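Some notes on the structure that comes next.
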Amino acid sequence: MQPSGPAAGRRTRTSGWPASWRDLMTEEVLLLDDDAVMLNILAGVLSSAGFTCLVANHAREALSLIEQRPQIAVVVSDVFMPEVTGLQFVNSLNAATLRHPPPRVLLLTGQPSLETAVDALRLGVRDFLVKPVRPPELIEAVKRAMAQAMEDRSAQHARSPQVEQLMRQAEELVGRLRTLAYSGEDAAEGRPAPQPAGTRVAAAEAQPASDARIGKAHEDVGEGNKFAILDTIEQLRRLRDRYAEHKLDDVAWDLLLELLRAERLRQRLSVSGLAISISGVSVTTSLRRMNELAARQYIERIPDPADARRDFVALTPKAQALLADYLAQANAYVSALTR
Numbered sequence: 047m048q049p050s051g052p053a054a055g056r057r058t059r060t061s062g063w064p065a066s067w068r069d070l071m072t073e074e075v076l077l078l079d080d081d082a083v084m085l086n087i088l089a090g091v092l093s094s095a096g097f098t099c100l101v102a103n104h105a106r107e108a109l110s111l112i113e114q115r116p117q118i119a120v121v122v123s124d125v126f127m128p129e130v131t132g133l134q135f136v137n138s139l140n141a142a143t144l145r146h147p148p149p150r151v152l153l154l155t156g157q158p159s160l161e162t163a164v165d166a167l168r169l170g171v172r173d174f175l176v177k178p179v180r181p182p183e184l185i186e187a188v189k190r191a192m193a194q195a196m197e198d199r200s201a202q203h204a205r206s207p208q209v210e211q212l213m214r215q216a217e218e219l220v221g222r223l224r225t226l227a228y229s230g231e232d233a234a235e236g237r238p239a240p241q242p243a244g245t246r247v248a249a250a251e252a253q254p255a256s257d258a259r260i261g262k263a264h265e266d267v268g269e270g271n272k273f274a275i276l277d278t279i280e281q282l283r284r285l286r287d288r289y290a291e292h293k294l295d296d297v298a299w300d301l302l303l304e305l306l307r308a309e310r311l312r313q314r315l316s317v318s319g320l321a322i323s324i325s326g327v328s329v330t331t332s333l334r335r336m337n338e339l340a341a342r343q344y345i346e347r348i349p350d351p352a353d354a355r356r357d358f359v360a361l362t363p364k365a366q367a368l369l370a371d372y373l374a375q376a377n378a379y380v381s382a383l384t385r
């Protein structure tokens, strides 16, 4: 159901704006907060700046709107909400299978912490704003996110066939792992098997019981099935031994898979964003390994034309070929288990 409200869908004149910004006004901003007063305030500020706003007071409603409305390019969400937090909402959005590029997300919080900020960046959040946020700051943040969302949509049409193949292989692997986690007890009780979703590729390979939600699609998994999943995880790691000539350690593999995850979500990762994205690894170690990967032509740094201080990171054709072969091997192994 489309949300309603006095500010929902309101638009103002933008004739004085540069053409590049007026082009962005065809897209929508979704506001997510359990506080109706805050929703009205945010919608009023952004509507007066020329943005078309929709409002939702629950994550389920927001996800439904995003699935139905590809024109939603940016989501502004509160962090601390009952039932589903802003971070949990972003995690669900990342796991959703959409027919269009996902929107960019901005998070608002009145209780900022370093841990929350790092978690937000790891989930691919575009910006992290602290309440009370000044209207000009909010408007500029939404403009930046909207521009990035438009770049994401342009990049979707420019992706090479090899990258598209990687995406399909990754989704197939996640789907087969989910099928493996579907226990006989669940089937006996008539519970439907979980459907494949576009989840974190790196996590699907490394931690399917948590980040990729493998084994969490149901509450009751038999002990034998749990051990089977653990064995599968270990076997997927051992598959890396077939590529010993590449001389990549676990950190390097995780960095490459994290970049693949970002491409799956049609997101661009900066050097710093990638450095903090690998759990249990220090930023210093990640940066050192990234330098090695760049020197060996597995990744490339792309200067940000809008910010001379920042570089983005992307997979090279060499890395894409490696990951394509690895995912094909992983798919074949898991497929044999689920027959």
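Just so we're aligned, residue 47 is where the sequence shown starts under my numbering, counting upward by one.
Glycine residues also receive a C-beta, built at the ideal position from the N, C-alpha and C atoms.
Just so you know, these numbers come straight off a predicted model, no measurement behind them.
What are the start and end residues of the alpha helix (DSSP H) that includes residue i?
i      : result
Ser391 : In this structure the chain extends from 47 to 385, so residue 391 is not present and cannot be described.
Glu129 : Counting along the chain, Glu129 falls outside any alpha helix (DSSP H), and DSSP gives it neither H nor E.
Leu111 : Ala105 to Gln114
Val179 : No alpha helix (DSSP H) contains Val179, which DSSP labels as neither H nor E.
Gly90  : Ala82 to Ser94
Beta-carbon separation of residue i and residue j under 8 Å?
i      : j      : result
Asn137 : Leu92  : no
Pro149 : Val120 : yes
Leu333 : Ala321 : yes
Asp80  : Pro128 : yes
Gln281 : Tyr379 : yes
Ala308 : Leu302 : no
Cys99  : Val75  : yes
Ala89  : Phe135 : no
Val329 : Ile345 : no
Gln313 : Asp165 : no
His292 : Leu184 : no
Leu144 : Glu186 : no
Determine the extent of the beta strand (DSSP E) in which residue i is found, giving its start and end residues.
i      : result
Glu74  : Glu74 to Leu78
Val176 : Asp173 to Val176
Val101 : Thr98 to Ala102
Val151 : Arg150 to Thr155
Assuming residue i and residue j form a contact by the criterion Cβ under 8 Å, report the distance between their Cβ atoms to the nearest whole angstrom.
i      : j      : result
Leu109 : Ala142 : 6 Å
Leu152 : Val122 : 5 Å
Asp407 : Ile324 : Nothing can be reported for residue 407: it is not among the residues displayed for the chain, which extend from 47 to 385.
Among the options, which residue has its Cα nearest to the Cα of residue i?
i      : options                           : result
Arg356 : Gln343, Ser318 and Ile345         : Ser318
Met340 : Leu361, Leu111, Asp198 and Leu76  : According to the sequence displayed, residue 340 carries Ala and not Met. Looking at the Cα atoms, Leu361 is the closest of the given residues.
Ala102 : Val83, Gly96, Ala95 and Ser94     : Val83
Val377 : Met196, Leu285 and Leu77          : The identity of residue 377 in the sequence shown is Asn, whereas the question assumes Val. Ranking the options by Cα distance to Asn377, first place goes to Leu285.
His146 : Met196, Asp165 and Pro116         : Pro116
Ile118 : Leu139, Asp173 and Pro182         : Leu139
Tyr289 : Leu111, Glu183 and Gln375         : Gln375
Thr162 : Leu184, Leu133 and Arg190         : Leu133
Gly326 : Arg335, Ser94 and Val297          : Val297
Phe457 : Thr331, Leu154, Asp353 and Glu186 : Outside the shown range of the chain, which is 47 to 385, sits residue 457, and nothing can be said about it.
Ala365 : Ala195, Glu107 and Met336         : Met336
Ala191 : Phe97, Gln114 and Arg180          : Phe97
Pro351 : Ala382, Gln194, Val130 and Glu113 : Gln194
Ala95  : Val188, Thr131, Ala382 and Arg342 : Val188
Leu111 : Val130, Leu78, Asn86 and Thr131   : Leu78
Met196 : Arg180, Arg342, Ala382 and Glu73  : Glu73
Thr180 : Pro363, Ile87, Glu107 and Leu160  : Inspection of the sequence shows that residue 180 is occupied by Arg rather than by Thr. Comparing Cα-Cα distances from Arg180 to each of Pro363, Ile87, Glu107 and Leu160, the minimum goes to Ile87.
Gln343 : Thr331, Gly156 and Pro363         : Pro363
Inset, instruction - Within the segment 293 to 358, note down every full alpha helix (DSSP H) run reaching 4 residues or more, in order along the chain. - result: 296 to 310, 317 to 321 and 329 to 341
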